[in-house]
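Beneath this line is the structure, given in structure tokens, with notes to follow.
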Amino acid sequence: MTAPVAALPSTDWFTPERPGATVLASHVDRSGHGGWWADDPGAVGALLVHCGPERLLRGDPARLDPAVLAGFGRGQFHTPDRFLPLLGRTFTHITPWVRVVYVERERPRPVSPHIAGWVRPLGPDDRGRLDRFALRGGGAARSGEPHWTAGTWGGHRGIAASGFSWGAFVGPYLASLACGYLVGRDHLEIAVATDPAFRRLDLALACVRSAVVAAHARGLTPTWCAPESNLASRALAEAAGFRAVGREVVYWVGPTRSW
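Going by my numbering, the first residue of the sequence shown is number 127, and it counts up by one from there.
Okay, here's the thing in structure tokens:
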């Protein structure tokens, strides 16, 4: 059974909200994208929250059948270790990723006012620019698929209209963007991407600075998650004034097994 998004019991299951993957629960509540599954919405024993490729699993694994889990498809799971046998019965591959969790703590490295002037909020009219950005930047697995940064907003239409995305434009081209990948009650997790043709110009840093200012204006703490092995993302986080506060493990899984 899938319960309505408005009834997500995030207050009971994910409070207090902490930086990292569990902000997903609040993002589903706030954005209206994604949803959740519970074995019994009246007395939840197992809970799965999902949005785009992101999944949270909590509760008792015995209350969740592999066939139900398989219906949500491949994705990235944040889950206690007790769910790993269930994931193994459901999917053919499980790959653990260690991610460094950052919180914005310090002033960012300065950016040229000329570069900063190329940044503006994205809006509904930018959907086509995001389509082209995905194709040029390699952010889509196949032609026509949305950029990965739009995965938690239902695609380019959703992220363009979200009010939580900022882009740096070089002429007509969207060259870099920063967005609220997960927007919770207390935190805004920032995701960043740059067209390979426009890297090393401080465009990503300029976009992140705009995202941080907007987060503070809305009473949100800016956060960042980067795979431990992604040194470029971690260096950008440091340059933007983010400092590591911990690590978390997520599991990329798929495809599903046949029964």
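Glycine included, C-beta positions come from ideal geometry on N, C-alpha and C. These numbers come from a predicted model, not from an experiment.
Tell me, which residues are paired with residue i by DSSP?
i	result
Gly368	In the sequence as presented, Gly is not what sits at residue 368; that position holds Phe. Paired residue(s): Glu230.
Thr221	Trp378
Val296	Tyr299
Val237	Answer by DSSP bridge pairing: none, since Val237 is not bridged.
Thr278	According to DSSP, which records beta bridges pairwise, Thr278 is partnered with nothing at all.
Thr347	His313
Please report the distance separating the alpha-carbon of residue i from that of residue j.
i	j	result
Arg200	Pro381	6 Å
Ala164	Cys333	38 Å
Phe198	Arg253	27 Å
Leu212	Thr278	25 Å
Leu346	Val339	10 Å
Gly367	Arg360	11 Å
Arg311	Ser157	11 Å
Leu115	Trp162	Residue 115 is absent from the structure shown; the chain starts at 127 and stops at 385.
Ile316	Trp139	23 Å
Pro298	Glu364	30 Å
Gly243	Ala337	14 Å
Pro348	Val245	18 Å
Val239	Arg344	The amino acid at residue 239 is misidentified as Val; the sequence shows Pro. Using only the alpha carbons, I get a separation of about 24 Å.
Arg208	Arg326	43 Å
Ala169	Ala358	44 Å
Gly146	Trp378	16 Å
Thr141	His204	16 Å
What is the C-beta distance between residue i and residue j, in whole angstroms, given that I count them as a contact (C-beta under 8 Å)?
i	j	result
Leu303	Ser288	Not quite, the Cβ-Cβ distance comes to about 12 Å (not below 8 Å), so this is no contact.
His313	Glu143	6 Å
Gly284	His159	6 Å
Arg383	Thr221	Contact doesn't hold; Cβ gap of about 16 Å is too wide.
Leu174	Leu182	7 Å
Considering only residues of the same chain and omitting the five flanking positions on each side of residue i, which have a CB-CB separation below 6 Å?
i	result
Gly248	A quick correction: the sequence has Leu, not Gly, at residue 248. Same-chain partners within the cutoff: Ala286, Ser291, Gly293.
Val224	Glu354, Arg373, Val375
Gly171	Asp165, Gly185, Asp186, Arg189
Leu300	Arg255, Phe259, Gly293
Ala370	Val226, Tyr228
Ile241	Asp328, Ala332
Arg262	Asp321
Less than 8 Å between C-beta atoms, sequence neighbours within five positions excluded: which residues of the same chain meet that for residue i?
i	result
Leu362	Val318, Ala330, Leu331, Val334
Val237	Asp328, Leu331, Ala332, Arg335
Asp251	Ala286
Asn356	none
Arg215	Pro192, Arg383
Leu210	Ile220, Tyr377
Within its chain, find whatever has a CB closer than 7 Å to the CB of residue i; leave out the 5 residues flanking it on each side and keep chain order.
i	result
Pro206	none
Pro272	Ala260, Ala266, Gly281, His282
Phe324	Val296, Ala301, Ser302
Pro179	Gly201, Gln202, Gly277
Asp257	His282
Check whether the Cβ of residue i lies closer than 6 Å to any heavy atom of the ligand MG, and answer yes or no.
i	result
Asp321	The ligand MG is absent from the structure shown, which contains no ligands of any kind.
message: Counting beta carbon pairs with one atom in the segment 346-356 and one in the segment 182-198, are three or more of them shorter than 8 Å?
response: no
task: Would you check if there are 3 or more beta carbon pairs closer than 8 Å linking the segment 148-161 to the segment 224-233?
output: no
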